[in-house]
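Enquirer:
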Amino acid sequence: MAESEPQEGNYDNMGKRVEDLTTDLEKLLEEMEKLTVQATWMAYDMVVIRTNPDLANSMRRLEDAFLSCKEEMEKKWQEVLME
């Protein structure tokens, strides 16, 4: 009888491990799905940019404007922190 107790414990432990493995695999699958969607959108964006060069120029100007705005905001934030 004493030998059957550790085996039952192993079965319980094995069940928990299987549940944990299933949960981990589900999380990994969700992450892969998110990455797949992101890659699809990136590919779509590349096709759009290559077929419309004006869009690429507009995107560059928008990025430049964003970066200068971000830089200005960081400067202002540092000034606020210094006060």
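So the mapping is simple: the numbering used here equals the position in the sequence shown, first residue as 1, plus 260. Note that the Cβ used here is the ideal one computed from N, Cα and C, for glycine as well. As the structure is a computational prediction, the values presented were derived from the model and not from experiment.
1) Express the C-alpha separation of A303 and E290 in angstroms, rounding to a whole number.
2) Is DSSP giving E343 helix, strand or coil here?
3) Roughly how far, in whole angstroms, is the beta-carbon of I309 from the beta-carbon of A316, given that I think they are within contact range, below 8 angstroms?
Expert: Once the coordinates are examined:
1) 20 angstroms
2) coil
3) 5 angstroms
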